[in-house]
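Undergrad: Quick mapping for you: the protein sequence lines, in order, are chains A and B.
Heads up: the first sequence begins at 1 in our numbering, then just goes up one per residue.
Heads up: the second sequence begins at 285 in our numbering, then just goes up one per residue.
Just so you know, even glycine gets a beta-carbon here, dropped at the ideal spot from N, CA and C.
Values in this document were obtained by computation on a predicted structure and should not be read as measured data.
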Amino acid sequence: MTPATAPERTTSMDTNLVIEVKDVHKSFKTVQAVRGVDLRIRRGEFVALLGPNGAGKTTLVEMIEGIQKPDRGEITIMGKKWKGNQDELHRVIGLSLQETRFVDKLSVSETLRLFASFYQLGEDRVAEIIRIVGLEEKKKSYVVNLSSGQRQRLALGLALLNRPKILLLDEPTTGLDPNARREIWAILLGLKKESETSLILTTHYMEEAEQLCDTIVIIDKGRILREGTLRELLGDDGSTGDRDEGGAGGRGTGAAKAAESPVAPRRKTLDDLFTELTGRHLDE
Amino acid sequence: MSKLFRKEQLRELTLAYAKEITREKGVLFWGIVFPILMSLGLGIAFTKKADVVRKIAVIADGESHGESNDGSDAGSRGANPEGSSRIETFLQSRTKRIEPNGNEPARYEITIPSEKLGNTTFIFEKTTWQQATVHLKRGNVAVAIDEHDGRIEYHLDPRNPDAQLSYLKLSRLFGDGGAATAAGEWTARGSSGEPVSESSGELVSGASGEAASDSDGEPVGDASDENIVPLTVSGTRYIDFLIPGLMAMGIMMSNLWGMSYGLVEKRTKKLLRRMVATPMKKSHFLVALMTVRLGMNFVEAGLLFLFAFFAFGTTIQGSLPALFLVFIAGNVAFAGIAILSSARTANTEVANGLVNLVSLPMMVLSGVFFSYHNFPEWSIPFIQKLPLTLLADGIRSIFIEGAGYAEISVAVLILMAVGVVSFIAGLRAFRWY
């Protein structure tokens, strides 16, 4: 379901369309995880699915990945459905799951070489990925000896191995410290600059959505609440007229800017918008 | 590249899995060192003519402690501590007294030498009936003896082979001395330790006729020692029976624990889910696991055999190619079972239970350590169809009976069928995420 307020950016005839989700529903026993979602993503577009835990982000991404089947509705990737096209679609998608653990006693380069073999890729690509994700010094280290940030960079490297047209990242920076998070962002911003890969990223960090993505989809209780660019979502001036007295305790980029100038009007944030829409905060 | 067969994938998957398991030190210990240690321990235990020590409780309190079979007054029971009883006479005249240490009671020791069976040392300890019961319950002694009207009574569990053997040897010791009424009583004990009454005069009578001492009353070697011809022909020793059983068990355990548990762990870690989100062939992944396990099991079995060859002189009397065939078939069977048993669960505790459910009954029934012919006759045909029995019997027949293709062909076919059917069913039911 696309809310009336969300701009219609593409049509199904759009040749740049890489993912199309039409009126998709999914339930697990008594829980309705996804309720009538419509989504269209173009080539090179970075889209954030922003919402609190349990909003239905992961279920939606798993349906796009082909892991879950929708109860109702239709999903097409590059104009193709999953059924009968799995091998072909796996070749154009790269993904990183939440909390995946790789084989402890394989080194970084061995893990990449294993996954590279699935795509018939050689050593050159493995070396290139090691450089892209900045693990040159750790390429001979066992996975078990990597820090959580390094493991997440390895997971991202695996997702990028096949030069994917579509990249699906499920909470790629959850649990990472700010430095490790910025390293991941830098890799993704580099990718955005140098390729036409489309990205769907689930997150509950609004800074991440703001920093990386062209389009932000706010999702809660299985429904899309708002969808658009940051400017479209927050308005041209983005000002709420409120003042953030504490500053440092605020949420997100807007709050951070307010902290630099405690007397300036605090900018409206995505969390403010989410609160307006649901009465709750994003991190609740 | 063929869509059905992707050589590069299979090679990398096999290499990765081989590295994964060989880099775990625990795998090398439990897979290779432990079976060798087990064969060493069991081999020594069952091949060395070790001196056997048998402890006997001598009831010396004169208390009433159980019904006699003839209903006589229990008050007349008990050895006479003053030395007039047969037991006391025997202890004083034939045994060496070991002085008590602290509060411990005095002990009496006698050794019956036997070149071929190994020496047997009896240690007698005087106790009250209550103490004897405690010792019997704890397994500290296998037999308790006392005397009633000149008849020696033996209290033991008739279902305990060790107790039976102690009784037989002991009754021969007391069978000398010319007592015309040397017939004794064998009092069977229930699990509670209380006598359940059973007379077995025939057993004692039979034993009493053969003296275990020379005319001077000195203990000599077992009277029948000279008639004993120890089996030394290769294949007739216990170790020759054991090594093929250990090999078969190793194949089963390595596949079930190594593959089942490993698969469930990868599912729990979401690694399987990540891998199938690529163009990886699912069958290649499982074939790689099976291939590495086969290689590991080959090394394990080879090292175990080499150890048995040098330590115990174990040889392979039958066809080597047939042995290789049954080895492959066993691996296929248990790898298939492993994949089937780990097809669904993402919980390692459930996986533990499933592996135990499959492996423990076969460990007990399939004759790995001792012949399954000790089980009831009706169960033998069923036991013989179990995969571990087929594998153990197949390997054993080649090792010790000189079997070839013809003798193992049926077992190989059944094992292969079990493996293929389990593999296909497992692959169909398999949950990758």
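Are three or more beta carbon pairs between the region 129-147 of chain A and the region 183-191 of chain A nearer than 8 Å?
TA: Contact between the region 129-147 of chain A and the region 183-191 of chain A is present, because at least three Cβ pairs lie under 8 Å.
Undergrad: When the Cα of K105(A) is compared with those of F707(B), T598(B) and K309(B), which residue comes out closest?
TA: Counting from one through the first sequence, the residue named residue 105(A) turns up at place 105. Measuring from the Cα of K105(A), the nearest candidate turns out to be K309(B).
Undergrad: Are at least three pairs of beta-carbons, each pair with one atom in the region 594-612 of chain B and one in the region 333-344 of chain B, less than 8 Å apart?
TA: Not touching, per the Cβ criterion.
Undergrad: Assign I316(B) to buried or exposed, taking buried as 16 or more other Cβ atoms, counted over all protein chains shown, within 10 Å of its Cβ.
TA: Numbered from 1 along the second sequence, position 32 holds the residue referred to as residue 316(B). I316(B) should be labelled buried.
Undergrad: Can you tell me which of the three DSSP states F28(A) falls into?
TA: Residue 28(A) sits at position 28 when you count from the first residue of the first sequence. F28(A) falls in the strand class under three-state DSSP.
Undergrad: Does the beta carbon of L711(B) sit closer than 9 Å to a beta carbon anywhere in chain A?
TA: As a position in the second sequence, residue 711(B) is number 427, starting the count at 1. No, because no Cβ of chain A sits closer than 9 Å to the Cβ of L711(B).
Undergrad: Does any residue of chain B have a CB that is nearer than 9 Å to the CB of T100(A)?
TA: Translated into the one-based positions of the first sequence, residue 100(A) becomes position 100. With 9 Å as the cut-off, T100(A) counts as an interface residue toward chain B.
Undergrad: Quick one: using the 10 Å Cβ neighbour count with 16 as the cut-off for buried, is F596(B) buried or exposed?
TA: Taking the first residue of the second sequence as 1, we reach residue 596(B) at position 312. By the 10 Å Cβ count, F596(B) comes out buried.
Undergrad: Classify F589(B) as buried or exposed, calling it buried when 16 or more other Cβ atoms lie within 10 Å of its own Cβ.
TA: Within the second sequence, numbered from 1, the residue matching residue 589(B) stands at position 305. Buried is the call here.
Undergrad: For Y717(B), which three-state DSSP category applies?
TA: Indexing the second sequence from 1 puts residue 717(B) at position 433. Three-state result, Y717(B): coil.
Undergrad: Starting from the beta carbon of L97(A), find every residue of chain B whose beta carbon is closer than 7 Å, and list them in chain order.
TA: One-based indexing of the first sequence puts residue 97(A) at position 97. In chain order: K554, R557 and R558.
Undergrad: Tell me, which residues are paired with K69(A) by DSSP?
TA: Translated into the one-based positions of the first sequence, residue 69(A) becomes position 69. In the DSSP output, where bridge partners are listed per residue, K69(A) has none listed.
Undergrad: Excluding the 5 residues preceding and the 5 following Y717(B) in the sequence, name in chain order all residues of the same chain whose CB lies nearer than 6 Å to its CB.
TA: Mapped onto the second sequence, residue 717(B) falls at position 433. Closer than 6 Å at the Cβ level, and outside the excluded window around Y717(B), lie R557.
Undergrad: Taking C-beta pairs closer than 7 Å, name the residues in chain B that F115(A) reaches, listed in chain order.
TA: Indexing the first sequence from 1 puts residue 115(A) at position 115. In chain order: T562.
Undergrad: Return the first residue and the last residue of the beta strand (DSSP E) that G94(A) is part of.
TA: The residue labelled residue 94(A) in the question sits at position 94 within the first sequence. Start and end: I93 to S96.
Undergrad: Could you tell me which uninterrupted beta strand (DSSP E) segments, each at least 3 residues in length, are contained entirely in the region 579-605 of chain B, listed from first to last along the chain?
TA: Entirely contained in the region 579-605 of chain B, not one beta strand (DSSP E) run reaches 3 residues.
Undergrad: Pair every Cβ in the region 287-298 of chain B with every Cβ in the region 553-569 of chain B, then say whether three or more of these pairs are closer than 8 Å.
TA: With the cut-off at 8 Å, the region 287-298 of chain B and the region 553-569 of chain B touch.
Undergrad: Could you pull the start and end residues of the alpha helix (DSSP H) that Y451(B) belongs to?
TA: In the second sequence, residue 451(B) corresponds to position 167, counting from 1. Counting along the chain, the alpha helix (DSSP H) containing Y451(B) begins and ends at P445 to F458.
Undergrad: Take T411(B) and list the residues in its own chain whose beta-carbon comes closer than 6 Å to its own, dropping the five residues that flank it on each side.
TA: For the purposes of this step, residue 411(B) is taken as residue 127 along the second sequence, with counting starting at 1. Around T411(B): A341.
Undergrad: Could you tell me the alpha carbon to alpha carbon distance between N759(B) and L526(B), rounded to whole angstroms?
TA: The structure shown does not extend to residue 759(B), since chain B is modelled only from 285 through 717, so no value can be given for it.
Undergrad: Output needed for G149(A): all residues of its chain with C-beta closer than 6 Å, excluding positions within five of it in sequence on either side, in chain order.
TA: Locating residue 149(A) in the first sequence gives position 149, counting from the first residue. So the list reads L176 and A180, once near-sequence residues are dropped.
Undergrad: Write down every uninterrupted run of the alpha helix (DSSP H) in the region 90-151 of chain A whose length is 4 residues or greater and which is fully enclosed by it, in chain order.
TA: For the region 90-151 of chain A, whole alpha helix (DSSP H) runs of length 4 or above, ordered along the chain, are 108-118 and 123-132.
Undergrad: Given this structure, state the Cα-to-Cα distance separating R715(B) from T629(B), to the nearest angstrom.
TA: Indexing the second sequence from 1 puts residue 715(B) at position 431. Indexing the second sequence from 1 puts residue 629(B) at position 345. Going by the C-alpha atoms only, they are around 8 Å apart.
Undergrad: Beta-carbon within less than 6 Å of R338(B)'s beta-carbon, same chain only, minus the 5 sequence neighbours each way: which residues are those?
TA: Taking the first residue of the second sequence as position 1, residue 338(B) is located at position 54. Counting only Cβ-Cβ distances below 6 Å, and skipping sequence neighbours, we find F406 and S450.
Undergrad: How about P528(B) and I684(B): are their beta carbons less than 9 Å apart?
TA: On the second sequence, residue 528(B) is found 244 positions in, with the first residue counted as 1. On the second sequence, residue 684(B) is found 400 positions in, with the first residue counted as 1. Cβ distance < 9 Å, so P528(B) and I684(B) count as in contact.
Undergrad: Determine the direct distance from the alpha carbon of T306(B) to that of E128(A), and round the result to whole angstroms.
TA: Residue numbering aside, residue 128(A) sits at position 128 when the first sequence is read from its first letter. Residue numbering aside, residue 306(B) sits at position 22 when the second sequence is read from its first letter. Roughly 29 Å separates the two Cα atoms.
Undergrad: When you check each C-beta in the region 81-92 of chain A against every C-beta of chain B, which residues fall closer than 9 Å?
TA: For the region 81-92 of chain A, which is checked against every Cβ of chain B, the residues closer than 9 Å are Q86, D87, E88, H90 and R91.
Undergrad: Name, going along the chain, the residues of the region 428-450 of chain B whose beta-carbon falls closer than 9 Å to a beta-carbon of chain A.
TA: Correct list: empty, as no residue qualifies.
Undergrad: By Cβ distance below 7 Å, which residues in the same chain neighbour R381(B) in space, the five residues on each side in sequence not counted?
TA: Translated into the one-based positions of the second sequence, residue 381(B) becomes position 97. Excluding residues within five positions, the ones whose Cβ falls inside 7 Å are A390 and Y392.
Undergrad: Answer yes or no: does any C-beta atom of chain A fall closer than 9 Å to that of L297(B)?
TA: If you number the second sequence from 1, residue 297(B) lands on position 13. For L297(B), the answer is yes, since a Cβ of chain A falls inside 9 Å of its Cβ.
Undergrad: What's the call for P70(A), buried or exposed, on a 16-neighbour Cβ count within 10 Å?
TA: Against the first sequence, residue 70(A) aligns to sequence position 70. That one is buried.
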